[in-house]
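Scroll down for the structure; my scribbles are underneath it.
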Amino acid sequence: MKILNIIKTLTLIDLLKGLKVTLKNFFKPKITVQYPEVKTPISNRFRGKLALMKYENGEERCIACKLCSAVCPANAISIDSEESEDGTRRTTRFDIDAFKCVYCGFCEEACPVDAIVETDIFEYHMTENHQRLQTKEMLLQLGDDYREKIVRKKEKDHHYK
Amino acid sequence: MADSDNLTLNFGPQHPAAHGVLRLIMEMDGEVVHRIDPHVGLLHRGTEKLAETKPYNHSIGYMDRLDYISMMCCEHAYVLAIEKLLDVQPPIRAQYIRVMFDEITRILNHLLWLGCHGLDIGAMALFLYCFREREDLMDCYEAVSGSRMHATYYRPGGVYRDLPEEMPKYKANRFISKSKVKKLNYNREGTLLDFIADFTERFPSKVDEYEALLTDNRIWKQRTVNIGVVEPERAIELGFTGPMLRGSGVEWDLRRKEPYEVYDLLDFKIPIGLNGDCYDRYLVRVEEMRQSNLIIQQCVAWLNKNPGPVIIEDNKLTPPKRALMKHDMESLIYHFKLFSEGYSVPEGEIYCPVESPKGEFGVYIVSDGANKPYRLKVRAPSFAHLAAINEMVKGHMLADVVSVLGTLDLVFGELDR
Ligand code: SF4
Ligand code: SF4
């Protein structure tokens, strides 16, 4: 037993075993993904930047029910509402504070008319503090810009909800 | 010889080996540590107090952020506590899903621990290998909940949504060829369960790789064997749980001793150590990864065969199906009531522990019958572990402080709450 241990110590067998692993991995194809040229897959359920959606005819979906702001654990959504000219209830202010939002997805879950949605956009930045407030216009614009993609993703996941 | 005073040394709070914001005041006599005084609280966010001001469901997401390495396990304790107060039982499929994700979380946690512990002690390559496997598990998290870390997936009464039928795939573009994408997508063709099954097949050989790098390695052994020894009796006295306790040779695992969910139907072993040093705790955690892998395999097999509901259909507690809510007045009312006011939990108090990867993570709720907890208390395993650091390090060298800190597997989100 003792001799065996001495042989083991002298031949550096334990270290060589480890080096074998590293050497094997040295020649294996790398798993690194060359971001941003190549992107890792993003799930249909991904919870990224929030957006507001419209109906096909361009009418806003949001009815200012304020469920989303009630359910938001971070109090990130502030809403003011008023009756609009056509007699429907509409928001006059719809701000999401991107610094407060924890991307939990509760607002999307709560919205009865699928107005507020989580997109799969996670690459964005801001340079000034005040830009953290995403106003209604910005949210609607985002919903317009990525409409097709959002609708496709949400449809795929719809039957689970 | 001239008398030399002890030197007081500050370790952290911005030290890379401090694993977060830990500040240690060390009294050193040369290289030898005489006394260590951990200062905690730098990451205190008042989660417990915050939870008292919100309806029950709102805090699920905050539980993820306690132990941000084992997210779903923390949710699990919270959700279980509410379920026990309400006296509801989630559907069996939901229980299997929860157990499966708890074990995925355990592997996630241990992989990060192994990588960082290795890195602290000087095993650089291991870190990269561990994160390679973590990536796949993170993808499982994302596929099921939409978030790679803070899942907010468990709900009182089950889980939010069923497992997805398809996995997201890599897409070819001019920087990556079709054939290469096909290779990358080989395990993403089927369902999420197929993806996980494929992972569990590959994983044991990866653990062998980690072990080849470390288990016999003389440097690793020199840094861990006989460092931070805790006797079994002392470990119990100190309130150790999880791998810290099992490393000292006490066979205590809540999954076996007080089985929750479906753990009593599953087949797995509890590894224990002999000497209670850093090396044994390393062995215990590595073996736990293998056991978790077996549990996941059993869950995948069961889930593949048994479709069914994943959340109870009690509209006082869980929202009605979306399709129903759009057409049915009553469902809509439930929907509004649930998302604006939440649900009320009967008066009473409950302590509900789960075996999180770090030890016993428990949630204690006192309810006064309202829709918010009257008081919420979180029992964090790391807290008891850190409290023992003085005892574990005394008489060791400065470099061993890092070994012991690593072996404690601290996460400050949970420790400071
Ligand atoms: S995702 Fe969560 S935190 Fe963010 S706005 Fe919606 S409810 Fe609030
Ligand atoms: S986004 Fe949805 S939940 Fe929020 S106020 Fe508008 S309609 Fe209501």
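So the protein sequences, as listed, match chains L and S. Position one of the first sequence corresponds to residue 1 (my numbering), numbered consecutively onward. Position one of the second sequence corresponds to residue 162 (my numbering), numbered consecutively onward. Glycine included, every Cβ here is placed at the ideal spot set by N, Cα and C.
Within 7 Å: the Cβ of L12 of chain L and any heavy atom of ligand 1?
no
Neighbour flag for A548 of chain S against chain L, beta carbons, 8 Å:
no
Would you call L142 of chain L buried or exposed, if buried means 16 or more other Cβ atoms sit within 10 Å of its Cβ?
buried
Thinking C-beta only, is A74 of chain L closer than 8 Å to C107 of chain L?
no
Here's the rule: buried if 16 or more other CB atoms are within 10 angstroms of the residue's CB, otherwise exposed. What is Q34 of chain L?
exposed
Which one of S:A484, S:Y525, S:G509, S:D561 has the shortest CA to CA distance from D114 of chain L?
S:A484
For the putative contact between M261 of chain S and C439 of chain S, defined by C-beta atoms under 8 Å, what is the C-beta separation to the nearest angstrom?
M261 of chain S to C439 of chain S, Cβ: 30 Å. No contact.
Alpha-carbon to alpha-carbon, R446 of chain S and R295 of chain S:
16 Å
Given a threshold of 16 other Cβ atoms within 10 Å of its Cβ, counted over all protein chains shown, does P36 of chain L qualify as buried or as exposed?
exposed
Candidates L:D157, L:T32, L:I31, L:A98: which alpha carbon is nearest C72 of chain L's?
L:A98
For D414 of chain S, the first and last residue of its enclosing beta strand (DSSP E)
Counting along the chain, D414 of chain S falls outside any beta strand (DSSP E), and DSSP gives it neither H nor E.
Beta-carbon gap between A545 of chain S and F522 of chain S smaller than 8 Å
no
Answer yes or no: does any C-beta atom of chain L fall closer than 8 Å to that of M486 of chain S?
yes
Have a look at the DSSP bridge pairing and note the partners of I511 of chain S.
S:I526
Quick check: does the Cβ of V113 of chain L come within less than 7 Å of any heavy atom belonging to ligand 2?
yes
Local conformation of I77 of chain L per DSSP, three classes
strand
Determine, using beta carbons only, whether M162 of chain S comes closer than 8 Å to chain L.
Any answer about M162 of chain S is weak, because its pLDDT of 48 lies below 50 and its placement is not dependable; what the coordinates show is given next. So, not an interface residue.
For a test of your reading of the model: does the CB of G105 of chain L fall under 7 Å from any non-hydrogen atom of ligand 1? Yes or no.
yes
Helix, strand or coil for T479 of chain S per DSSP?
coil
Verify the CB distance criterion: does E575 of chain S have a CB-CB separation below 8 Å to chain L?
no
Under 8 Å from the C-beta of T313 of chain S: neighbouring residues of chain L:
C104, G105, F106
Are the C-beta of R196 of chain S and some C-beta of chain L separated by less than 8 Å?
no
Could you spell out where the alpha helix (DSSP H) holding N171 of chain S opens and where it closes?
Premise fails: N171 of chain S lies in the beta strand (DSSP E), 168-172, not in any alpha helix (DSSP H).
8 Å is my cut-off, CB to CB: does S43 of chain L come that close to chain S?
yes
Straight-line gap, K210 of chain S to I77 of chain L (C-alpha atoms, nearest Å)
21 Å
How is the alpha helix (DSSP H) around M233 of chain S delimited, first residue to last?
232-247
On the three-state DSSP scale, how would you describe Q134 of chain L?
strand
Please identify, using Cβ separations under 9 Å, the residues of the stretch 22-46 of chain L that lie next to chain S, in order along the chain.
T22, K24, N25, P29, I31, V33, Q34, E37, V38, K39, T40, P41, I42, S43, N44, R45, F46
Under 8 Å, do L345 of chain S and Y331 of chain S count as touching if we go by C-beta distance?
yes
Using only the heavy atoms of ligand 2, determine whether one of them is closer than 7 Å to the beta carbon of L426 of chain S.
no
Short of 6 Å in beta carbon distance, which residues of its chain neighbour M224 of chain S, apart from the five on each side in sequence? Order them along the chain.
C235, E236, Y239
Element boundaries [beta strand (DSSP E), containing V117 of chain L]:
116-118
Ligand 2 and L67 of chain L: does the residue's C-beta get closer than 7 Å to at least one heavy atom of that ligand?
yes
Quick one: does the C-beta of P73 of chain L sit closer than 7 Å to a heavy atom of ligand 1?
yes
Between L204 of chain S and ligand 1, is there a pair consisting of the residue's CB and a ligand heavy atom that are separated by less than 7 Å?
no
Just tell me which of S:H496, S:F401, S:L275, S:N387 has its CA closest to the CA of C68 of chain L.
S:H496
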